[in-house]
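Everything on this sheet refers to the single structure shown next.
Chains as they are written, first to last, in this note's numbering: chain A, 1 to 467; chain W, 1 to 467; chain V, 1 to 467; chain Z, 1 to 467.
In structure tokens:
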């Protein structure tokens with residue numbers, strides 16, 4: 001297909017790309033373009049059709065500057081110097097020597113003096129949430145999470161020449177290994193069994209003897225990308241002549257059909273028990289005499305009948321499955337997991353965070369910055385807010401009150417009065433178009449402005465022109 | 001069918017019946033005969049086919065002595081005098097006057113002085129667990145629980161002439177109202193809606209205005225029986241000229257197919273996620289944009305596909321349903337709920353509780369009371385022990401360590417070594433026949449005796465002849 | 001002093017004594033006489049002056065029947081047979097062989113079949129709360145607790161010939177070892193150091209090598225008594241030719257001046273901080289520079305001044321000590337620890353527990369059993385109720401709602417309206433005299449009867465004549 | 001005394017003062033000079049002798065720039081814009097209108113758009129921990145805490161013209177009200193009773209009717225200072241023509257002799273019970289019959305004796321008072337409460353936080369920055385670390401790992417090996433002098449360097465010259 005070929009050139013720098021993305025009018029389109037840059041020159045459509053969740057893939061670019069600006073060891077040094085990075089919380093010191101994996105975190109703050117001392121003695125350094133310290137990583141991940149519909153995370157790994165920091169293992173996430181500096185020798189292995197394909201939890205550390213032969217062995221250089229699905233065992237070590245810095249971008253942790261069914265199924269059964277008397281009828285008086293493990297070898301026609309009844313009831317369950325409500329439960333968790341949007345200058349100027357009101361010359365100066373019925377507004381991002389019903393009340397959940405530190409803030413939401421739900425849906429479905437406050441489908445004009453102010457104050461909407 | 005007609009005459013007294021039951025060789029048969037006595041002259045088979053869980057039924061006997069010996073107000077007075085009956089725990093003082101239901105429990109022990117004072121001032125008295133105080137009620141319920149395969153409970157109600165103690169309501173159990181003394185005027189009403197047929201939880205107190213007209217109105221006299229399924233609203237009040245004492249025997253609380261499915265379904269999903277990669281595959285990248293309540297009005301083909309996939313996965317779930325294991329989970333709870341067996345004199349003489357070993361003349365006298373390989377043993381009751389596997393280990397759960405006070409003891413079980421499981425199954429399936437210890441399918445002779453001693457000491461087996 | 005010599009003869013049997021005590025009009029006097037019987041022929045006054053809390057003492061009586069009726073192995077066998085005695089809760093199986101102390105409790109109920117099996121294989125048996133199973137032990141302890149003003153407890157020990165059940169150790173209670181059957185060889189040792197004189201907690205098991213030589217070595221025979229204070233190390237073993245049964249009666253656990261001060265001192269400080277500004281004044285700005293462990297070697301005049309100020313404030317503390325309130329806190333705990341009174345037939349007939357009201361011939365028969373203003377009443381026992389103030393409200397705490405099982409019931413008390421406190425004090429201080437309800441110092445006559453009914457219903461007072 | 005008069009001129013700006021303080025060699029002297037600046041022209045010695053904890057005092061300076069640089073509304077506006085200030089956590093919106101005090105905090109982050117909207121509608125704004133956001137406030141408080149030997153805190157209050165934000169009340173801290181901008185009309189009232197002099201807890205809001213007449217009424221202008229002790233009721237409102245910004249610096253919360261005694265007394269009693277048998281002796285058998293509230297009116301010589309014994313034991317208590325250990329308990333809490341030191345450029349260059357080691361040109365560059373035995377070191381601040389013993393082990397507690405956010409970090413300490421305690425004491429007592437690592441009183445040279453490195457890495461010591 002032609003569209004798949006239509007990918008960006010390889011020379012674009014990240015800074016320029018991010019600047020150009022600020023001019024893309026729709027955050028989902030921004031996410032799509034940024035993801036395309038990540039995996040270039042593989043077309044995204046082909047990637048998701050042939051590779052995603054299926055097999056590892058390698059992109060070698062011979063362009064050490066391709067990912068430049070995303071992160072660097074110099075930036076890492078600056079962060080150690082200026083920010084409160086804590087051992088064990090934000091940073092791990094590790095080693096893997098002679099098959100033995102160890103962690104060496106002292107207590108307290110990680111300062112360059114001690115971190116570089118560990119590095120010089122051969123330890124690897126893992127930074128656990130670089131998005132909390134690096135604005136660029138934050139920006140990139142906050143865009144990508146709209147591509148995945150699932151939290152996008154990252155870890156940074158710095159490894160001294162000639163060492164390895166981690167034992168072979170597999171993870172429970174889709175991994176994009178982005179080589180930033182130096183080189184790293186990687187070996188990737190197939191899942192060991194069918195049960196470890198797309199696994200639900202990460203593995204322990206493996207012995208070399210238990211993982212077979214690699215299906216891929218490669219030296220990643222700066223600018224290269226290595227992707228592998230959850231379940232693929234991997235290990236990376238540094239060549240004697242070069243250190244390595246890479247960032248692993250991850251997503252799709254606990255984002256499977258089964259994870260969704262864990263929310264659907266118990267509620268389906270609850271609903272079925274409320275609505276369908278067959279689920280409320282009593283068990284046979286004598287079922288304990290022929291069912292259960294102690295009777296499992298019995299050849300009893302009542303067992304057949306019992307299994308059949310169970311089977312029929314389970315099949316009926318799907319009639320009562322509250323799929324949309326379960327998706328909303330999952331969405332609520334996702335919105336809590338999300339990074340808050342990293343605002344572009346234009347978004348800043350047109351949102352509550354950059355509203356021109358300020359203290360000047362001994363008084364508040366705001367030049368009448370107020371939302372009125374003619375103000376044109378839209379959601380700050382396509383996915384920054386979501387209307388969810390818990391059966392009793394409708395709440396608007398939103399990401400703009402989140403912290404760059406994972407789950408530092410409680411989930412943010414507020415109840416939406418029934419006379420406002422139409423207006424919220426209208427806003428959500430109008431995106432990326434701006435609409436006037438007047439056009440909100442509410443009855444009273446004051447209600448429209450009141451609602452717009454509420455959403456504006458929470459950072460959920462911004463205005464077409466700065467106030 | 002002829003066998004259904006073959007029921008006991010109405011004149012047999014309970015004491016005689018219980019004595020004759022001690023000669024019935026199989027506890028399940030005892031349960032069946034005792035239940036038949038309860039509902040005489042309705043044949044049990046017809047009852048379970050036509051009435052059970054379906055509709056109320058009334059048995060009027062013109063025989064005030066039919067249930068004699070089960071319980072009486074004189075027995076109740078004795079209990080108050082001799083046992084530690086606590087207000088609020090074992091006994092409630094209630095009234096229902098002018099549509100207002102009240103409870104009047106003082107703190108502390110319920111003594112005749114205060115209880116009869118409440119009674120004389122028009123309050124009803126409910127004893128919550130008469131089986132803990134009355135040996136006959138304990139005996140009857142401990143037999144009946146084998147008929148129901150579900151806990152059998154009881155409450156006793158004493159009401160002064162011309163009063164009513166409770167507001168109209170429905171319960172979550174099958175109820176057998178057994179009139180012991182005096183008379184009571186009962187009204188029974190249909191479930192108000194389909195959702196209240198065989199309900200999962202009891203109702204609150206209703207206003208008369210909300211329950212429609214009774215489908216049955218009757219005066220129950222001593223010796224009469226009234227049965228109604230869970231969900232049928234009922235109220236009873238005393239005529240001006242007579243007090244009333246009745247006992248309500250109940251069963252089948254949380255014993256429906258749905259209750260079993262609550263144990264089956266989450267594990268089925270867990271197993272499916274382990275064994276079937278389709279359950280572990282990731283959700284579509286964009287599902288949040290067309291699923292969820294805010295998108296539920298959308299006419300999007302992706303929604304159809306999504307629902308279809310969920311439906312297919314849910315239908316596949318029944319392939320992974322661990323039915324026998326779930327039955328065992330339910331059975332474990334039942335065994336914990338069970339009353340311990342009330343021993344017949346023969347059972348006492350042949351079990352650990354009555355073993356002849358004793359202290360006499362300054363020393364232990366046992367005359368060599370020991371189990372050996374020739375001793376013939378069987379389970380004390382058909383349902384007093386059950387072999388359950390939790391996937392890792394096999395445990396024997398048993399009722400003989402329970403208390404007459406509900407859940408006063410922790411669930412009783414112990415792990416069964418794999419070389420003993422065959423012997424335990426052999427014992428369970430041999431019931432009601434006695435077998436020699438030698439015949440246990442174990443390898444070593446000492447193991448056989450060791451196992452028999454263990455089971456004997458826990459009260460799970462008894463011997464054909466006293467030791 | 002002559003009165004000290006005036007002790008009972010040694011031949012009186014316990015049953016006769018207990019019967020004669022029912023005719024003693026004052027429960028404190030009963031306690032005193034029963035205690036005198038326990039330690040005969042030592043006069044109580046001399047005992048408390050010279051021996052109590054000071055040194056061991058031995059009474060050899062050459063009268064094996066002296067303590068007859070208190071407890072026996074036959075009674076123990078009966079208890080095992082009839083009551084729910086649980087291993088680990090009510091009974092321990094122990095052994096001490098070659099310096100190694102072990103406990104062998106299986107789970108579940110202790111039946112004669114298994115208990116006597118342990119005994120025959122050389123294990124000792126300790127029954128932990130015989131008062132819950134033996135009416136006589138209950139009666140004796142419930143009387144003695146008024147002598148001690150502190151909980152009286154008991155353990156029973158049965159030891160096979162030629163064995164020892166426990167390692168040498170000391171306890172945290174005053175111990176009266178009463179030999180009931182057979183013989184036991186005892187060795188008693190001095191506390192090892194001054195710090196172990198009257199210790200606050202019991203010791204671990206000692207090695208023989210660590211305890212020195214015994215200060216007393218004796219064979220106790222049935223009818224003999226051995227007393228030793230807390231802190232005295234002891235061990236007992238059976239001669240090859242005789243088993244031993246003894247009961248140890250104990251008291252004064254956590255009943256020292258220091259235990260009372262633990263309640264006085266924190267409140268004294270709280271009161272001092274409220275009432276005395278010197279306690280609220282700020283610490284010196286620089287105290288951290290010369291106080292604290294790192295400055296403890298400094299020779300600084302400011303340290304002297306600081307210590308002096310602390311010393312002065314601590315001395316002032318006693319001015320704010322709420323001694324009576326603290327005693328009440330301790331008394332409340334004691335009342336909760338107490339056994340309920342074991343009623344004499346006369347007490348039963350004249351208290352709520354034996355009030356003649358009952359169910360007879362289909363109705364309540366009470367023949368007008370009511371308290372009125374002419375009824376003469378008194379406390380059931382001198383110490384069965386106590387008025388305590390927590391500063392805000394006044395509560396009456398009482399023992400008559402307690403269980404024979406330690407702390408099975410919550411502490412029993414109820415608030416006393418201010419217009420009733422004088423009447424309660426009047427009742428308490430009138431004991432052992434009966435007073436008419438009319439004489440209560442309350443304003444209204446109805447209040448008097450209402451209060452008397454309340455106290456009668458809780459079992460706190462009884463009437464001079466049965467109602 | 002002449003020295004008391006010797007105070008700084010009033011014209012020095014804060015920035016210049018703070019710069020000059022960086023050249024003062026001893027952090028305690030710095031603290032003393034900065035406090036003198038705060039209360040100029042009152043000599044500190046006279047202040048602490050005559051005013052501190054005794055009465056309010058006012059300093060009017062006619063110099064609006066005196067406190068310039070400490071904080072401003074412009075700085076506050078910047079903070080709202082750039083930092084994550086949360087309503088309810090860091091900032092309160094309040095009003096006090098017609099005697100009614102209200103709080104108006106919305107959820108979430110406080111942005112200028114909403115904060116200034118509240119301000120314009122007449123609400124007061126209180127910032128709860130400006131030290132977390134303003135480096136200057138942090139610096140000032142972290143210096144002053146060494147003057148007080150107790151945590152120094154601050155709140156900032158911004159009030160619109162013509163309004164009042166708070167009801168009259170008193171606080172539990174010594175308060176220094178520093179007027180930064182505009183004017184405020186203050187009224188100060190005496191404590192209402194002796195019990196409210198130097199109170200332990202803050203008061204609720206008072207009605208005007210309950211507080212009497214002010215003892216001081218004044219208009220505070222920028223550059224002025226108002227001090228009042230805990231317990232003095234106060235209220236401030238804005239004149240119609242001017243807003244007000246002030247910062248209240250506070251200290252001595254829970255820092256009284258009584259607070260220290262709360263740590264001394266329970267341990268003293270514990271020690272006394274261990275060491276003095278008089279505390280372990282039993283209470284009199286009959287004390288419950290004459291002690292306690294129900295006996296408090298009795299005229300019984302045993303009561304006199306009982307009180308006397310209690311009094312004597314309490315007086316003996318001070319012999320067992322572990323004063324230095326209790327001071328250390330209090331010091332540990334103080335060290336946890338402390339702000340971390342705000343480093344001067346010289347301190348930064350010579351401490352772990354500014355060690356020259358860094359990442360440059362693809363590798364770690366450190367030019368041999370290592371501590372060796374010739375390195376000269378000292379504590380970073382006089383009070384930044386403290387050696388405390390808990391009886392079993394010795395720990396070094398330190399402030400340099402604390403956060404600017406109160407108690408965000410757990411208390412920081414580590415165990416000191418016994419062979420290192422002398423060296424630590426030597427370091428503590430050598431301050432403010434630098435000493436060579438070689439001079440540490442440890443046995444082995446490697447131990448000295450190892451200890452110095454450990455302390456340097458925790459930020460506890462710095463070097464005389466940058467590494």
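The beta carbon of each residue, even a glycine, is placed where N, CA and C say it ideally should be. From a predicted model like this one, the values you see are computed outputs, not experimental measurements.
Under 9 Å between C-beta atoms of residue i and residue j
i, j, result
"residue 362(W)", "residue 182(V)", "yes"
"residue 376(W)", "residue 464(W)", "yes"
"residue 483(V)", "residue 191(V)", "Beyond the ends of chain V as shown, which are 1 and 467, falls residue 483(V); an answer cannot be given."
"residue 364(W)", "residue 157(V)", "no"
"residue 315(A)", "residue 315(W)", "yes"
"residue 290(A)", "residue 302(A)", "yes"
"residue 281(W)", "residue 427(A)", "no"
Where residue i sits in the DSSP three-state scheme
i, result
"residue 343(W)", "coil"
"residue 416(Z)", "coil"
"residue 272(A)", "helix"
"residue 29(Z)", "helix"
"residue 337(V)", "helix"
Which residues DSSP lists as bridging residue i, in chain order
i, result
"residue 396(V)", "387(V) and 414(V)"
"residue 246(A)", "157(A) and 179(A)"
Cα-Cα separation, residue i to residue j
i, j, result
"residue 342(Z)", "residue 170(Z)", "31 Å"
"residue 18(A)", "residue 37(A)", "11 Å"
"residue 461(Z)", "residue 273(Z)", "42 Å"
"residue 466(Z)", "residue 22(A)", "45 Å"
"residue 47(W)", "residue 227(W)", "10 Å"
| said: Which complete beta strand (DSSP E) runs does the region 49 to 74 of chain A hold, if anything under 3 residues is left out? | reply: 57 to 59
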